[in-house]
Amino acid sequence: MQWFLEATTTGHKLALMVVAILLFAAVMAAILFAVDRPKRVPNWLVAGGFVGPTLILLLIGLVYPALTTVRGSFYDRDGSEFVGLDNYVTVFTQDNFQTVLRNTVLWVVLVPLLTTALGLVYAYLVDRTRFEGLAKALIFLPMAISMVGAGVIWKFVYEYRPDQPGVNQIGLANQLLVLFGLEPQQFLLNGPSNTFYLIAVMIWIQAGFAMTVLSAAIKSIPDEIVEAARLDGVGGVQMFRYVTVPSIRPALIVVLTTVAIVSLKAFDVVRTMTGGQFGTNVVANEFYAQSFRQFNVGLGAALAVLLFVLVIPIIAYNVRQLRLSEEIR
Amino acid sequence: MTTTPVMSPVPATDRTTGRAERRAAAARTKLSSPAASVIAIVIAVLWTVPTLGLLVTSFRPELAIRRSGWWTSVTDPQFTLDNYNEVLYGGTNFASLFVNSLVITLPAVVIPITLALLAAYAFAWINFRGRNILFVAVFALQVVPIQVTLIPLLSLYVDTGLNGSFWTIWLSHSIFALPLAVFLLHNFMKDIPASLVEAARVDGAGHVRIFFQVLLPLLTPAIAAFGVFQFLWVWNDLLVALTFAGGAPDVVPLTVRVAELAGTRGSDWFLLAAGAFVSMVLPLLVFLGLQRYFVRGLLAGSVKG
C-alpha cells in the first residue's frame, strides 16, 4: 500500500504513473470483458459497462460534493451548527466583501466584452491577409501559458522602481511612462485602478480563444452575402457593422458567455499578482482564502455556491440563444 | 473597389477561385488602410512583447536584471544559463517538480478520455432506457464549478487515506473533465455514419468489437483534439493541485511552486523568470506541435455549444 501512496524518487513516481495507467486499463478491460458475452446480454447491462464507471465517478466526485457544499453553506465555520442564511448575509453586507463583489462584477462584465471586441476586430483585420497564419499564432500563444505564468509575465511588465537618479526601471510599462516624461506608477498597489490592470491580463490570456472562434465564424459567412453587399456598394466599416457582425451573432454569444464563466471562476491571476490584497480580491480567490486559509468552511461554501448561482443565468442565456438561432434556421 | 467583377461565363471552379482571389484582394485593400494595419500591429506587439521580455530576462545575469531593463540586451548583451541551473537544481528543485507535473498530467489525460469515449459510445450507439435523460444530466454537470466540490472531496480523500498522493489529483482531474469530454466525444461519435455501425452489427460484431474496431480508428482526430485540450488544462491548473497537493512536496506540480515564488520571492526575477519558463516550455511545444487539433477541439466544443 505504502508503495502506491508515497513516491519520493523520480523512478518511483514514473513507475507509479505507469502502474496507475495499467491498473486503470486492466479494470476497464475486465468490465468490458464481463459485459461482452456472445450470448444475448440485456442492453442495459452492456450500457452499464460502458457508462457505469463515468456515472459512478460523477456521482461521487461532482453530485455528492456539490450537494454537501450547498448544505454546508447554511452551517457555521466548522460545520457543526446550523446558521441559516448568516453566511450569505455576511457576503452581501460586510464591507470587505463589498469590494470583492464589486471586483467580481467588473471582471465578469469587462473581460468578456473587451476580449470579444478585441478578438473580433483582430480576426476581421487579419482575415485573408498574407500574414494571417503568423498574426493569429501570435495572439493565440498565451492560451498555452498557464494563468500563473501569465501572471508572472505581466507582474514583470508592471514592475516598479522608485523614480530616483541612477535607478533604472526594469518593468516595460513604467519604462514607457518614464520615456514620455511621466512619473512611474505602482500599477498593482494603487486602487481602484489596479483591478483594471489585472483585468487586462485576463483579456490578454483569453483573446486568442475569442479570435479563433470568431475567425472561423467570419470565414463561414457565405460568399454570396459578402458579394451582394459589396455590389450594393457596402464597404469597410459598414461591411463590418451590417454584414459581418450580424452574421456571426451566435458565435459572438458563445464567446461572450464562455469567457464570462472562465473569468468568474478564475483566481490564478489575482492570486499570483496581488494575492487578493490592495482591494483587488474576487469571489473565486476569497473562496480559496476562506476555505483553506481562514478555515471558515461555511463562508467558503457560501462563496462557492455564489459562483455556482452566478454561472447558471449565463449558461441559461447561452442555451436560449442557441435555441433561438436554431429555430430561425 | 479596385477589382472588376468577371462577367464572362466561366466554369464553376474558376468562378470560385476568382471569387476567393477577389476577397483576398479586398482584404489587402482593407489592410492597406494605414489605421487598420496600425491597430493590427499594435495588438500583435502587445501580445508578444511581454512574454519575450520575460524570456530574455530569464537568460540575463541576476545583477543585470536588477540594474537595467531587459531591452538593454540589444545594446549590451549579457546572457547566462545560471538562472536555469539554479531554479532546476538549486533549492527550488524545479527538475523534480517537472517530473511531478508530468506524472500528474499523463494519467489525468488518459483516464478521462478513455472513460468518456466508452460513455459517449453508449450514449450514441447503445439503446437503453433512460439514455437521453442520463445524457442531458451528464451534459448539465458542466455547470458545476470545481470550487463547489473541493472541500467535500478533500475530506473524502482524507477519510480514505488517499490524501497527499498522486491518486487524489488523478481522480479529481478525471472527474472534472468527464462532462465536457463525454459531450464533445459524443458529438464526434454521432457524426460517424450509422451504416458503418449497422454493417458491423450485421456481421455479428458485439458492442465492444464495434467500439474498438470500427469507431476508435475514425475518432483519432477527436481524441487528439480533446487530448491536447486536457493536457493544457491539467498541466496549467493551479486550483486542483493547490487544494489536493499543496502540502505534499513529493506531489506538488510546477504551477503551485511558481505561484508560491511569485508571492514569497516576488522580486527575485532571475528565479521567477526562469521558473516560469520551465513551467511553460512543455505546454508551448505541445501547443505549437498540435495546434491544428487544438483549434478543432475548441471549435467543436464552443460553437456546437
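Chains as they are written, first to last, in this note's numbering: chain D, 1046 to 1374; chain Z, 483 to 787. Virtual Cβ for every residue (Gly too), placed ideally from N, Cα, C.
Check	Outcome
List, in order along the chain, the chain D residues whose C-beta lies closer than 7 Å to that of Tyr603(Z)?	Phe1095
Quick check on this structure: which residue in Phe776(Z), Thr557(Z), Asp564(Z), Asp558(Z) has the alpha carbon closest to the alpha carbon of Thr702(Z)?	Phe776(Z)
For Leu700(Z), collect the residues of the same chain with a Cβ closer than 7 Å to its Cβ; drop the 5 residues on either side in sequence, then sort them by chain order.	Ile674
Mind checking who Tyr1120(D) pairs with in its DSSP beta bridge?	Phe1127(D)
Between the C-alpha atoms of Gly1196(D) and Gly572(Z), what's the straight-line distance to the nearest angstrom?	23 Å
Just confirm the distance between the C-beta atoms of Gly1194(D) and Met762(Z), as a whole number of angstroms; I'd bet it's less than 8 Å.	5 Å
Determine whether the beta carbon atoms of Gln629(Z) and Phe1353(D) lie at a separation below 9 Å.	yes
Just list the alpha helix (DSSP H) runs in the stretch 612-688 of chain Z, keeping only unbroken ones of 4 residues or longer that don't cross its boundaries, in chain order.	613-622, 632-642, 648-672, 676-684
Among residues of its own chain, excluding the 5 on either side of Phe561(Z), which ones have a beta-carbon nearer than 6 Å to its beta-carbon?	Phe541
How many angstroms separate the CA atom of Val1191(D) from the CA atom of Asn565(Z)?	The sequence given here has Ser at residue 1191(D), not Val. Distance between the alpha carbons of Ser1191(D) and Asn565(Z) is about 21 Å.
Quick one: grab the DSSP three-state call for Asn1341(D).	coil
I'd like the span of the alpha helix (DSSP H) that includes Glu788(Z), first residue to last.	Here chain Z covers residues 483 to 787 and nothing more, so residue 788(Z) does not appear.
Using a C-beta cutoff of 9 Å, does Ala1111(D) count as contacting chain Z?	yes
Identify the contact partners of Ala518(Z) in chain D, using a Cβ-Cβ distance below 7 Å as the criterion.	Leu1170
CB-CB under 6 Å to Leu599(Z), same chain, minus the five flanking residues each way: which ones, in chain order?	Leu667
Applying a beta-carbon distance threshold of less than 9 Å, which residues of chain D neighbour Asn718(Z)?	Ala1189, Ile1190, Ser1191, Met1192, Val1193, Gly1194, Asp1313
Any C-beta of chain D sitting closer than 9 Å to the C-beta of His689(Z)?	yes
Taking CB distances under 9 Å as the criterion, tell me whether Arg774(Z) reaches chain C.	Annotation note: the requested chain C is absent from the structure, which comprises protein chains D and Z.
Could you tell me whether the stretch 654-671 of chain Z touches the stretch 605-617 of chain Z, using the rule of 3 or more Cβ pairs below 8 Å?	yes
Any idea if Met671(Z) is buried or exposed, counting beta-carbon neighbours within 10 angstroms, 16 or more meaning buried?	buried
So that I know if they touch, is there some Cβ in chain D lying closer than 9 Å to that of Pro661(Z)?	yes
Check this for me: beta carbons of Leu736(Z) and Gly757(Z), under 9 Å apart or not?	yes
Give the range of the alpha helix (DSSP H) segment to which Asp1277(D) is assigned.	Element bounds for Asp1277(D): n/a, residue is neither H nor E.
In whole angstroms, what separates the C-alpha of Gly1056(D) from that of Gly1124(D)?	41 Å
Taking C-beta pairs closer than 9 Å, name the residues in chain Z that Leu1352(D) reaches, listed in chain order.	Pro627, Gln629, Val630
What residues of chain D sit near Ile651(Z), judged by a beta carbon separation below 8 Å?	Within 8 Å Cβ-Cβ: nothing; Ile651(Z) doesn't reach chain D, min ~11 Å.
Could you tell me which of Val1115(D), Phe1069(D), Thr1113(D), Arg1116(D) sits nearest to Thr1099(D), measuring between CA atoms?	Phe1069(D)
Alpha carbon to alpha carbon, how far is Val734(Z) from Ser583(Z)? Give it in angstroms, no decimals.	8 Å
Go ahead and pull the three-state DSSP assignment for Arg549(Z).	helix
Quick check on this structure: which residue in His689(Z), Leu632(Z), Thr650(Z) has the alpha carbon closest to the alpha carbon of Leu1086(D)?	The question names Leu, yet the displayed sequence has Val at residue 1086(D). With distances taken between Cα atoms, Val1086(D) lies closest to His689(Z).
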